[in-house]
Amino acid sequence: MKKLAIYSTLLVLIILGINGVYYKNLYHRQISYVVRLLSQQVALIGSEIGNTNLYFESDASKIFFDVKIEQFFSDEYVKERVTEKLKFFYSKYSDFIVNIKLNNINAENFTLYQDSENDDWIANMYLSQEQSKIVQRDMLVPNRDKFDYYLPVINSK
0 MKKLAIYSTL
10 LVLIILGING
20 VYYKNLYHRQ
30 ISYVVRLLSQ
40 QVALIGSEIG
50 NTNLYFESDA
60 SKIFFDVKIE
70 QFFSDEYVKE
80 RVTEKLKFFY
90 SKYSDFIVNI
100 KLNNINAENF
110 TLYQDSENDD
120 WIANMYLSQE
130 QSKIVQRDML
140 VPNRDKFDYY
150 LPVINSK
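Sequential numbering of the sequence shown, starting at 0, is according to numbering that gives the first Met the number 0.
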């Protein structure tokens with residue numbers, strides 16, 4: 000009887016040991032699979048970010064390529080044309096664009112954004128009481144919980 004108890008205890012311990020090794024191996028394979036999957040996703044996201052970064056500045060510059068942007072605040076045709084291009088640009092990069100703002104050295108400002116509730120475009124043109132900062136080169140500036148991207152348009156056609 001004593002031998003039977005020892006053999007049964009030994010058999011239970013062996014089964015528990017084999018199960019422990021099996022589940023530990025299964026756990027490590029699962030972790031390895033998840034790490035491999037996440038690595039692939041990081042590579043894909045990195046590639047997508049690289050492509051977005053590559054085309055973002057080029058697309059922003061194309062908006063002002065064939066218009067005289069200095070006439071934006073005075074010529075209704077130029078304003079309509081640039082506004083439509085800005086809407087397309089906003090839609091293309093809507094994942095990270097919140098607001099588009101144009102200003103000139105005469106303190107004239109134009110803002111464009113899309114209302115998130117009903118997808119209406121809100122365009123606002125106004126004369127500011129204080130001149131906004133005019134930058135000489137493109138720059139990305141941290142601003143609270145977001146970033147402001149400045150792209151100066153020095154000369155157009």
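Built from N, CA and C at the ideal position, the CB exists for glycine as well. These numbers come from a predicted model, not from an experiment.
With distances taken Cα to Cα, identify the nearest neighbour of D114 among S38, N98, I14. It is N98 whose Cα lies nearest to the Cα of D114.
Using alpha carbons as the reference points, say which of K91, L37, F71 lies closest to N52. For the residues K91, L37, F71, the minimum Cα distance to N52 belongs to K91.
Any idea what DSSP makes of F109, helix, strand or coil? Correct three-state label for F109: strand.
Beta-bridge partners of Y125, as assigned by DSSP: Answer is N108, bridged to Y125.
Within its chain, find whatever has a CB closer than 7 Å to the CB of Q135; leave out the 5 residues flanking it on each side and keep chain order. Cβ within range, chain order: P151.
In chain order, what residues of the same chain lie with their CB nearer than 6 Å to the CB of K100, ignoring the 5 residues before and after it? In chain order, T110 place their CB closer than 6 Å to the CB of K100, counting only its own chain and leaving out the 5 sequence neighbours on each side.
Given a cut-off of 8 Å on the beta-carbon distance, is the pair F88 and D58 in contact? Taking 8 Å as the Cβ cut-off, F88 and D58 qualify as a contacting pair.
How far does the alpha helix (DSSP H) with N142 in it extend, from its first residue to its last? No alpha helix (DSSP H) holds N142; the beta strand (DSSP E) holding it covers 138-142.
Going by the DSSP bridge assignment, what does F71 pair with across the sheet? Residue pairing by DSSP places F71 in no beta bridge whatsoever.
Three-state secondary structure assigned by DSSP to Y149: Strand at Y149.
Starting from N24, follow the alpha helix (DSSP H) in both directions and report where the run begins and ends. Segment 1-62, the alpha helix (DSSP H) holding N24.
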